[in-house]
Structures are given as structure tokens and as C-alpha cells.
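Numbering (our numbering), first residue to last: 1 to 481. Step one of this worksheet: look at the structure below.
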RNA sequence: GCCCCCAUCGUCUAGUGGCCCAGGACGCCGCCCUUUCAAGGCGGUAACGGGGAUUCGAACUCCCCUGGGGGCACCA
């Protein structure tokens, strides 16, 4: 590429950023970084009524969390209305646009009628060729006035999409559309066209849902004296379980929520990169730098992708496991303890942290696993676990032996080892150990027992075992197996 | 209704006319390891939507059908 690459991510601040938007941002960012170009953040807040300040900051925070830093911006379109309106005046003066006095309701009603009668909806061109007198009369009625772009009556609109080849449509099927609202504010098509020109955008990478609007934006560009086209790449959509496009009100989850649920930004980034793109070498775990090095726009595929949480979970686990232990302890283990209000005695918990690292998929997961460390009065054994796992034949013997062992053993991993104690009773460890897990950790699928006992300490461990032993009662009271 | 886009295992994908009776990954199933659960190792299940055409030869090219999705706002 000879010219410097300039791409933009241009969300509307009308809601949170979800995986679809994030993937679009990521591909733009990767493309810019790969080519040493500029990644620009542009906020398309031309719809003043729906745009909110908090979404603008929210989107930025999310991008930064993912590590998608921008080189220019954020440029708020709401600060550039003058430029768009000047362009509109020029289009008006040169006959590419006209003043339209149809109200929103009228247009909507006519469209609905058209749909009902099986005709194609779309602006019917009522105000297309008004005379000066007619316009004056309508204005005198106090009717609101919009500025509407006049699309060509015939011919074909075409552009080349990197992923899909030539995309062509008959102009006859593209109806005139509003570029300035009756309140005088500009709309997406106008602002988008003007900004892409003014910002020297070279490549437009966005969702496929915008593919049809491309013809309209291109028509404005041409009318404004810029017939040259940026390179377009319309990314396949990310769909939900029902294969329908994800949106704020349809199945989409805010990226913010992924953060709260304990996903690592690098894992989410990696996963997102694999939605619609695959590295030439077929690897799944690809670092940010490798992504930048390998990413090519024409390797992106064309069909919609389903967001698979199972695979994301796996990938997040991979990233957690790949962390150096000290970093895991510092950034994930310790904060989890703090959230549980457990004093982080890291020396005592070292082995536990190591054991936990390979067992969790999210950092939120870790909290559940570590919840047994809470103070004694808050520790409870769920009734169903008690019945299923602890209240079994020979449980009394088992607990008596375990208590005896832990009362005197050396307080090391090897010393705590209960295997020979259990085997000494003629019991199979695999069969009966779960009872001890539940007594100590409150659950059968839990962090390793010896590390947990060690972390809990001798007194607290014995207290839990004795409590369970007491509840079991005398041997004769044991329920028949 | 009209226009546009898409079509390989359940899911994400590789594949660009012979190397494919289709490869990898997630999931799932089984076995091993094992103090539970994981992780790890080994193995397995599973797909080119249908029909034509081109060709010596099609997952790969073309056409039709079917299916799915998107768009047709004073949203973006």
C-alpha cells in the first residue's frame, strides 16, 4: 500500500459496546497497526436525542481495556455540524439535494401503505421537483423542512468490497433520503461522507449491516466532488443463538460485563480475532503482536459467526494457565481473596494459588473456588452435599482417622497427605475422599484437599472436621448404605 | 413486497480444480493419570444444503433452487 493507511472506528454513542462493535474496532485496529497506519476514533453522535455522554466515555474505556488505543480523536461529530451543513448547502445549491416538506408521519404512513399494498416502500419523490412557488407555499404553512438527497434516477451504483468483490445495485432501487433533519441537524449519511473525505479515510472496515448504505454515502461523496472511493470491507455479522444479528436489544452483552465476569482482555481479544478470521498457520492462541503481524484484510471470511461462550471460556482458561505464577497471584488470586474479605496470607496460600490456576476459566470462578476460606461462622455445608457425600457408611471412622492424623502430623503438604490414613482403614480414597472435601470446602468438586487444609490451617481444618464428625453422631446411628 | 449479502463437522474455521473417502480448534464421548475437580496425554463422534453445467477430474468455477441473514427511518 503506497498511501498511508487511515481507518476509523465510528460507533454511535447510543448504547454500550458489545462484541460486534468490539470486533469491528479490533479489525480496524489490527489493519492500521499491521500497515503502520492511523487508527482514528470517531463518535457518530449526530442523533443528539439518542446520544449520551456516558456512552461516549464508556466506549472509550472499553476500547482501552481491550488495549485498542487510537491515534486520533475521539472526534465528535456533534462538534462538526457546521461542516456537514455547509456540505448540505452546497448539495442543495448544485441540485443534488432538495428541500422536502413532507412530515415524518406522512412519509411513514405512505411507506406503510406501500408495504400493505405490496409496493416497495421508500420515499416517493413528492417534493422532488417543487417549484419556487410551491416551496414558498408549503413553508408558509409552517411545515417543517428537511433536506433530502436526490439519488440518480437510473444507472448502477457499484463499489468494490475487499471481501465480496463488486457490489452493485440499480439506482432505481435506492430512494431519496434525508440528510438534514427538520431541526437542522445532519444525519449519518452526510456526516459519514463528509468526515471520511475530510479525514482522508483510506479503508472503511465495518459490519455487513451497513453494506446497503454504502451506495448512498458514495453518492454524496461523488456529488461533493469526491468520486474516488475508499476501500471497503464489510465484515460478517456476529450472530446470536438464533442466528440473528446481535444488537443492544437483541442478545448482545456489554463488553463491560465480560470484564466483570472475569474474562481477561487479551483472551477476549484473541477470541474476537478468530471470529471471521484465522491465522495462516491455523493456531488458536495468538498474541496481540502476532495478530498484528499476521492480520490481512483479505483473509477475513464472509459468513456470519456465532459467538461461542464455550470456546471463549476455554481460551480464557488457557490465558490464565499461561500466566507466570507470581503474576497470577498478584493480579488474580489476591484480588479474589480481597473480594471475599479474606486476608491474603500469600505465603500460606502459595500452593493453593498454584492449584487454582489450572482449575478456573474466569477470575470470577476463582472466587467461588476460594469461598471456603471465609471465616468459620460463614462456612456452611449445603444439605444436599451432606446427604450425598458425607452421610455415608463408615463416615465416622473416616473422620475419626482424619482428625487423629491432622492433630499430630507435620504441617506440610506431605505431612497432611491423608492417602495412607484412608487406605489404612481399608477404604478406597477415590470413593471416600469427597466426604472430606465437602467437610473442608463445602463442595465435592473443589480445589485439592491438602492444599486447602494447609491454607486453612490446623485449627480451622480440625474444627470443620470435628463439626462434621459431631453431626454424624455415633457409629451406630450411621444410615445403612 | 423490493434490493443486497452469505452457505464446509453442534460451534469457530482450513481448504482456492487433483496433495481431501476433507485438516485444526472448542464442545461432546471413551481411556490413561489421579486425594475430588480440573489440567495434561491418547483415542473417538461429527460437515462440503439440493440439482444441473464446465472439466479427464470438483468443497473449490458457472447457473438454478432451497435455506439463512441484512437493508428499504428526520437510527447508525
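From the three backbone atoms N, C-alpha and C, an ideal C-beta is built for every residue, glycine too.
Alpha carbon of residue i to alpha carbon of residue j, nearest angstrom
{"i": "residue 349", "j": "residue 308", "result": "34 Å"}
{"i": "residue 329", "j": "residue 379", "result": "24 Å"}
{"i": "residue 431", "j": "residue 363", "result": "30 Å"}
{"i": "residue 71", "j": "residue 40", "result": "6 Å"}
{"i": "residue 269", "j": "residue 415", "result": "44 Å"}
{"i": "residue 337", "j": "residue 393", "result": "36 Å"}
{"i": "residue 498", "j": "residue 65", "result": "The chain is shown from 1 up to 481; residue 498 falls before or after that span and cannot be answered."}
{"i": "residue 492", "j": "residue 401", "result": "In this structure the chain extends from 1 to 481, so residue 492 is not present and cannot be described."}
{"i": "residue 83", "j": "residue 193", "result": "11 Å"}
{"i": "residue 6", "j": "residue 203", "result": "7 Å"}
{"i": "residue 95", "j": "residue 146", "result": "15 Å"}
{"i": "residue 160", "j": "residue 213", "result": "14 Å"}
{"i": "residue 211", "j": "residue 164", "result": "11 Å"}
{"i": "residue 436", "j": "residue 262", "result": "29 Å"}
{"i": "residue 425", "j": "residue 366", "result": "34 Å"}
{"i": "residue 21", "j": "residue 291", "result": "18 Å"}
Alpha helix (DSSP H) segment containing residue i, residue limits
{"i": "residue 365", "result": "363 to 370"}
{"i": "residue 373", "result": "That residue, residue 373, is in no alpha helix (DSSP H); it is neither H nor E in DSSP."}
{"i": "residue 74", "result": "Premise fails: residue 74 lies in the beta strand (DSSP E), 72 to 76, not in any alpha helix (DSSP H)."}
{"i": "residue 179", "result": "Residue 179 -> not in any alpha helix (DSSP H); beta strand (DSSP E) instead, spanning 177 to 180."}
{"i": "residue 328", "result": "325 to 328"}
{"i": "residue 314", "result": "309 to 322"}
{"i": "residue 106", "result": "104 to 116"}
{"i": "residue 349", "result": "346 to 357"}
{"i": "residue 405", "result": "395 to 408"}
{"i": "residue 58", "result": "53 to 66"}
{"i": "residue 434", "result": "429 to 441"}
{"i": "residue 461", "result": "458 to 472"}
Residue(s) in a DSSP beta bridge with residue i
{"i": "residue 232", "result": "161 and 204"}
{"i": "residue 34", "result": "Bridge partners of residue 34: none, in fact."}
{"i": "residue 98", "result": "148"}
{"i": "residue 247", "result": "250 and 251"}
{"i": "residue 273", "result": "In DSSP, residue 273 forms no bridge with anything."}
{"i": "residue 43", "result": "76"}
{"i": "residue 18", "result": "254"}
{"i": "residue 238", "result": "305"}
{"i": "residue 169", "result": "157"}
Distance between beta carbons of residue j and residue i, contact taken as under 8 Å
{"i": "residue 32", "j": "residue 38", "result": "6 Å"}
{"i": "residue 236", "j": "residue 208", "result": "6 Å"}
{"i": "residue 446", "j": "residue 464", "result": "13 Å between Cβ atoms; not a contact."}
{"i": "residue 220", "j": "residue 188", "result": "So it is not a contact: roughly 11 Å between Cβ atoms."}
{"i": "residue 10", "j": "residue 42", "result": "4 Å"}
{"i": "residue 272", "j": "residue 8", "result": "Between residue 8 and residue 272 the Cβ distance is about 18 Å, and since that is not below 8 Å, they are no contact."}
{"i": "residue 150", "j": "residue 124", "result": "So it is not a contact: roughly 13 Å between Cβ atoms."}
{"i": "residue 232", "j": "residue 162", "result": "7 Å"}
{"i": "residue 333", "j": "residue 355", "result": "About 11 Å; that fails the 8 Å criterion."}
{"i": "residue 397", "j": "residue 460", "result": "The Cβ separation is near 23 Å, so there is no contact."}
N- and C-terminal bounds of the beta strand (DSSP E) containing residue i
{"i": "residue 8", "result": "6 to 9"}
Within the chosen definition, does the segment 8 to 19 reach the segment 242 to 262 through at least 3 CB pairs nearer than 8 Å? yes
Segment contact, 8 Å Cβ cut-off, at least three pairs: the segment 186 to 198 with the segment 169 to 176: no
Touching by the beta-carbon criterion (3+ pairs, under 8 Å), the segment 216 to 232 and the segment 244 to 251: no
Inter-stretch contact (C-beta, 8 Å, three-pair minimum) for the segment 46 to 63 and the segment 110 to 122: no
Quick check: the segment 129 to 140 against the segment 77 to 94, are at least 3 beta-carbon pairs closer than 8 Å? no
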